[in-house]
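Chemist: Using the working numbering, read the sequence shown as starting at 1 and increasing by one per residue.
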Amino acid sequence: MRSKQTGGKDLHPTRSLSDGSSFFWYRLKMTNPSESEIMPTTILVDVQLQRTDTGEHDASLQELRQLIETLGWKIAGTLTQKMSSPTAASLIGPGKLEELSELVKAPPEIDSVVFDHELTTTQVRNIREATGVDVYDRPAIILEIFHRHARTKESQLQVELARLKYLAPRERVAGAKERRGGGRGARGVSESFHELERRQVRDRISELQRELDAVHTEQVERRRHREGLPKVAIVGYTNAGKSSLMRALTSSDVLVADQLFATLDTTVRALQPETQPRILVSDTVGFIRNLPHDLVASFRSTLDEALDASLLLHVVDASDPSLRSHIQVTREVLESIDAGHLPSLLILNKIDAVDLSQEAVLKREFPDAIPMSALNPRDIEALYERLVRFFLDNMTQVDLLVSYGKEGVLAEIRKNAHVLKESYDEKGVCLTIKATPGTLAALKRRLAESTPVAQ
Numbered sequence: 001m002r003s004k005q006t007g008g009k010d011l012h013p014t015r016s017l018s019d020g021s022s023f024f025w026y027r028l029k030m031t032n033p034s035e036s037e038i039m040p041t042t043i044l045v046d047v048q049l050q051r052t053d054t055g056e057h058d059a060s061l062q063e064l065r066q067l068i069e070t071l072g073w074k075i076a077g078t079l080t081q082k083m084s085s086p087t088a089a090s091l092i093g094p095g096k097l098e099e100l101s102e103l104v105k106a107p108p109e110i111d112s113v114v115f116d117h118e119l120t121t122t123q124v125r126n127i128r129e130a131t132g133v134d135v136y137d138r139p140a141i142i143l144e145i146f147h148r149h150a151r152t153k154e155s156q157l158q159v160e161l162a163r164l165k166y167l168a169p170r171e172r173v174a175g176a177k178e179r180r181g182g183g184r185g186a187r188g189v190s191e192s193f194h195e196l197e198r199r200q201v202r203d204r205i206s207e208l209q210r211e212l213d214a215v216h217t218e219q220v221e222r223r224r225h226r227e228g229l230p231k232v233a234i235v236g237y238t239n240a241g242k243s244s245l246m247r248a249l250t251s252s253d254v255l256v257a258d259q260l261f262a263t264l265d266t267t268v269r270a271l272q273p274e275t276q277p278r279i280l281v282s283d284t285v286g287f288i289r290n291l292p293h294d295l296v297a298s299f300r301s302t303l304d305e306a307l308d309a310s311l312l313l314h315v316v317d318a319s320d321p322s323l324r325s326h327i328q329v330t331r332e333v334l335e336s337i338d339a340g341h342l343p344s345l346l347i348l349n350k351i352d353a354v355d356l357s358q359e360a361v362l363k364r365e366f367p368d369a370i371p372m373s374a375l376n377p378r379d380i381e382a383l384y385e386r387l388v389r390f391f392l393d394n395m396t397q398v399d400l401l402v403s404y405g406k407e408g409v410l411a412e413i414r415k416n417a418h419v420l421k422e423s424y425d426e427k428g429v430c431l432t433i434k435a436t437p438g439t440l441a442a443l444k445r446r447l448a449e450s451t452p453v454a455q
């Protein structure tokens, strides 16, 4: 296999055995090249099966190209094959595999090949042996995108766990032949080493799961302090403009164009200008086609903010020809994490990039959607008013009496409820408020507590 100049670092430092051997499965990395290093070069292998719709196939391939470019890799060429069904040994046929091997050997120097399909462990091994370079499939590329953009401790743990579960078996199979060696008696030694590696993988997975459980407990406590507040969660396909919308709704920062990447990180901020009560907005994961199963499972904890929301803003790129499939992918993932029942508003973002005839088609097809641009201040103002009205309309109006001596409850009401009227009498503070059901339940529990004894 050719040596490569790469930068970056592993998910976890490479560990060593007592005999000095390193665990190859901790080298699960596709690294970020620095400016002083050569840009990794790859060949994209495009396999179109007969049962696949041509439009969906082309959109998926273009998306993979963007993901590869986001990694900083250069696509030197594309090998294409149309077939009725994949071959078990190498996905592509023997002739195409030989052609791929010749492409890798020809200039320029190739570092890897990337397939727009999920490969089995056997296929990875056979393709690597035939080409002599690293072999990646679509899920592996997606995992690396998530890895590079994980910022919080939880998302980093989730991505490492998903990468370990997905890539470790493929690395073990790919490296098995190199580790076995030859000669009488060598097999027993390699089997013992293999079993040791498997045990270390299981131990690391257990360790990651324990750390995730601890982080999740901390998040539950943080969410408890926000209990009852109105919440909006922004969801949608990658590159739909969710981050731009988040910035526009929650700050006055200069807006910049979104990059094509996905992250498990969740940011929670207050809607600006602040309302009474505050409306919290969370920017959640960006979805991609054919997400690795372990990452979808990770969404359950990451999207707790969405599950706790009163309203979802489902953002789609109105200018993307694949917007309908993007809507479907997002809805399927939301269903898989039990968030499909939540109220939602469909946001047709980037409507300024659509011509008038296409805009008319979208409005007829999605009559309840909001056509807008996250870069247009007037559109943001209109959406802001829509959100405020949504929560006010869904709040309950009640009269409350807060006894003197319960200043803490009074401060909580002013912070978490919309105060319509306030007056004073001999018994305490008389309030007319509007609040969410959750806030009202919490306030009534506080008010039901015994009144302090007068001194």
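The beta carbon of each residue, even a glycine, is placed where N, CA and C say it ideally should be. Source: prediction; values computed, not measured.
My parser needs the alpha helix (DSSP H) runs of 4 or more residues fully inside the stretch 351-392; what are they?
Modeler: Correct list: 356-365.
Chemist: Might you give, ordered along the chain, the residues of its own chain that have their beta carbon closer than 7 Å to the beta carbon of Leu-91, omitting 5 neighbours on each side?
Modeler: As a working note, residue 91 is residue 91 in the sequence shown. Excluding positions up to five away in sequence, the list reads Val-47, Phe-115, His-117, Leu-119, Gln-123.
Chemist: Alpha carbon to alpha carbon, how far is Gln-276 from Ile-145?
Modeler: The residue given as residue 276 occupies position 276 in the sequence shown. The residue given as residue 145 occupies position 145 in the sequence shown. Going by the C-alpha atoms only, they are around 38 Å apart.
Chemist: Given a cut-off of 8 Å, decide if Ser-251 and Val-268 are closer than it, judged by their beta-carbon atoms.
Modeler: On the sequence shown, position 268 is the one that residue 268 refers to. On the sequence shown, position 251 is the one that residue 251 refers to. Contact flag unset, no.
Chemist: What would DSSP say about Val-256, mapped onto helix, strand or coil?
Modeler: As a first step, residue 256 is located in the sequence shown; it is residue number 256 there, counting from the start. The predicted model places Val-256 with a pLDDT of 34, which falls under 50 and marks its position as unreliable, so this point remains unresolved.
Chemist: Taking just the CA atoms, how far does Ala-162 sit from Ile-142?
Modeler: Position 142 of the sequence shown, counted from the start, is the residue given in the question as residue 142. Position 162 of the sequence shown, counted from the start, is the residue given in the question as residue 162. Using only the alpha carbons, I get a separation of about 11 Å.
Chemist: Just to confirm before moving on: does the CB-CB distance between Ser-101 and Thr-131 stay below 8 Å?
Modeler: Taking the sequence shown and counting its residues from 1, the one referred to as residue 101 is at position 101. Taking the sequence shown and counting its residues from 1, the one referred to as residue 131 is at position 131. Yes. Within cutoff.
Chemist: Rounded to whole angstroms, what is the Cα-Cα separation between Leu-208 and His-147?
Modeler: In the sequence shown, the residue the question calls residue 208 occupies position 208. In the sequence shown, the residue the question calls residue 147 occupies position 147. Near 15 Å, if we compare the C-alpha coordinates of His-147 and Leu-208.
Chemist: Would you list the one or two residues that DSSP bridges to Ala-435?
Modeler: Within the sequence shown, the letter at position 435 stands for residue 435. According to DSSP, Ala-435 bridges with Thr-396.
Chemist: With C-beta atoms as the reference, is Leu-346 less than 8 Å away from Ala-369?
Modeler: Locating residue 346 in the sequence shown gives position 346, counting from the first residue. Locating residue 369 in the sequence shown gives position 369, counting from the first residue. Contact: yes.
Chemist: Counting only runs of 4+ residues fully inside the stretch 72-112, write out the alpha helix (DSSP H) ranges in chain order.
Modeler: Those alpha helix (DSSP H) runs which fall completely within the stretch 72-112 and span 4+ residues are 94-105.
Chemist: Closer than 8 Å is the cut-off here; do at least three beta carbon pairs connect the stretch 433-442 with the stretch 389-406?
Modeler: Flag = yes, the stretch 433-442 and the stretch 389-406 touch.
Chemist: Which residue wins for smallest C-alpha separation from Val-419, given the options Met-395, Leu-431, Val-409, Ala-411?
Modeler: Your numbering for residue 419 matches position 419 in the sequence shown. The option with the nearest alpha carbon to Val-419 is Leu-431.
Chemist: Could you pull out every residue in the same chain whose Cβ sits closer than 6 Å to the Cβ of Val-402, ignoring the five residues on either side in sequence?
Modeler: Sequence index remark: in the sequence shown, residue 402 carries index 402 (1-based). Val-409, Leu-410, Gly-428, Val-429, listed in sequence order.
Chemist: If you follow the beta strand (DSSP E) that Lys-427 is in, where does it begin and where does it stop?
Modeler: By one-based count along the sequence shown, residue 427 stands at place 427. Segment: none, Lys-427 is in no beta strand (DSSP E) and carries neither H nor E.
Chemist: On the DSSP bridge list, what partners appear for Gln-48?
Modeler: Taking the sequence shown and counting its residues from 1, one reaches residue 48 at position 48. Answer is Lys-82.
Chemist: Alpha carbon to alpha carbon, how far is Thr-87 from Pro-107?
Modeler: Against the sequence shown, residue 87 aligns to sequence position 87. Against the sequence shown, residue 107 aligns to sequence position 107. Each residue's alpha carbon lies about 28 Å from the other.
Chemist: Quick one: what's got a C-beta closer than 6 Å to Gln-81's C-beta in the same chain, skipping five residues either side?
Modeler: The residue you call residue 81 lines up with position 81 of the sequence shown. Val-47, Ile-92, Lys-96, listed in sequence order.
Chemist: Tell me whether Tyr-136 sits in a helix, a strand or coil according to DSSP, three-state version.
Modeler: Locating residue 136 in the sequence shown gives position 136, where the first residue counts as 1. Correct three-state label for Tyr-136: strand.
Chemist: In three-state terms, what does DSSP make of Tyr-237?
Modeler: In the sequence shown, counting from the first residue as 1, residue 237 sits at position 237. Tyr-237 falls in the strand class under three-state DSSP.
Chemist: Kindly give me the distance between the Cβ atoms of Ile-279 and Pro-230, rounded to whole angstroms, as I take these residues to be in contact under 8 Å.
Modeler: Locating residue 279 in the sequence shown gives position 279, counting from the first residue. Locating residue 230 in the sequence shown gives position 230, counting from the first residue. Yes, Ile-279 and Pro-230 are in contact; Cβ-Cβ is about 5 Å, under 8 Å.
Chemist: Output the boundary residues of the alpha helix (DSSP H) element that contains Ser-244.
Modeler: By one-based count along the sequence shown, residue 244 stands at place 244. It spans 242-250 - the alpha helix (DSSP H) in which Ser-244 sits, taken as one unbroken run.
Chemist: Nearest by alpha-carbon distance to Asn-349: which of Glu-129, Leu-245, Asp-308 is it?
Modeler: Position 349 of the sequence shown, counting from 1, holds the residue named residue 349. The candidate whose alpha carbon is nearest that of Asn-349 is Leu-245.
Chemist: Return helix, strand or coil for Gly-55, following the three-state DSSP convention.
Modeler: As a first step, residue 55 must be located in the sequence shown, where it is residue number 55. It is helical.
Chemist: Indicate whether Ile-205 and Lys-242 have their beta-carbon atoms separated by less than 8 Å.
Modeler: Counting from 1 along the sequence shown, the entry for residue 205 is found at position 205. Counting from 1 along the sequence shown, the entry for residue 242 is found at position 242. No, the Cβ-Cβ distance between Ile-205 and Lys-242 is not below 8 Å.
Chemist: What number of angstroms, rounded off, separates the C-alpha of His-341 from the C-alpha of Leu-291?
Modeler: Here residue 341 corresponds to residue number 341 of the sequence shown, with the count starting at 1. Here residue 291 corresponds to residue number 291 of the sequence shown, with the count starting at 1. Cα to Cα, the separation comes out at about 22 Å.
Chemist: Going by DSSP, which residues form a beta bridge with Asp-317?
Modeler: Here residue 317 corresponds to residue number 317 of the sequence shown, with the count starting at 1. Beta-bridge pairing links Asp-317 to Asn-349.
Chemist: Between Leu-387 and Ile-380, what straight-line distance do the alpha-carbon atoms span, to the nearest angstrom?
Modeler: Here residue 387 corresponds to residue number 387 of the sequence shown, with the count starting at 1. Here residue 380 corresponds to residue number 380 of the sequence shown, with the count starting at 1. Rounded to whole angstroms, Leu-387 to Ile-380 spans 10 Å at the Cα level.
Chemist: Check this for me: beta carbons of Glu-412 and Arg-378, under 8 Å apart or not?
Modeler: By 1-based counting over the sequence shown, the position of residue 412 is 412. By 1-based counting over the sequence shown, the position of residue 378 is 378. Result no, Cβ atoms of Glu-412 and Arg-378 do not sit closer than 8 Å.
Chemist: Can you tell me whether Ala-374 is buried or exposed, with buried defined as 16 or more other CB within 10 angstroms of its CB?
Modeler: For the purposes of this step, residue 374 is taken as residue 374 along the sequence shown, with counting starting at 1. Ala-374 is buried by the Cβ-count criterion.
Chemist: DSSP state of Lys-231, grouped into three classes?
Modeler: Counted from its first residue, the sequence shown places residue 231 at position 231. If DSSP states are grouped into helix, strand and coil, Lys-231 belongs with the strands.
Chemist: Just the Cα atoms here: how many angstroms apart are Glu-56 and Ser-319?
Modeler: In the sequence shown, the residue the question calls residue 56 occupies position 56. In the sequence shown, the residue the question calls residue 319 occupies position 319. Their Cα atoms are separated by approximately 16 Å.
Chemist: Apply the 10 Å Cβ neighbour rule to Glu-63 and answer buried if 16 or more other Cβ atoms are within range, or exposed otherwise.
Modeler: In the sequence shown, counting from the first residue as 1, residue 63 sits at position 63. Looking at its Cβ environment, which holds 16 or more other Cβ atoms inside 10 Å, Glu-63 is buried.
Chemist: Near Ser-60, which residues of its chain fall below 7 Å by C-beta distance, leaving aside the five closest residues on each side in sequence?
Modeler: Residue numbering aside, residue 60 sits at position 60 when the sequence shown is read from its first letter. Once the five neighbours on either side are set aside, the close Cβ partners of Ser-60 are Asp-116, Arg-289.
Chemist: Can you tell which of Val-104, Leu-383, Glu-274 has the C-alpha that lies nearest to the C-alpha of Ala-417?
Modeler: As a working note, residue 417 is residue 417 in the sequence shown. Among Val-104, Leu-383, Glu-274, the Cα nearest to that of Ala-417 belongs to Glu-274.
Chemist: Report the partner residues of Leu-280 according to the DSSP bridge assignment.
Modeler: Position 280 of the sequence shown holds residue 280. Lys-231, Ala-270.
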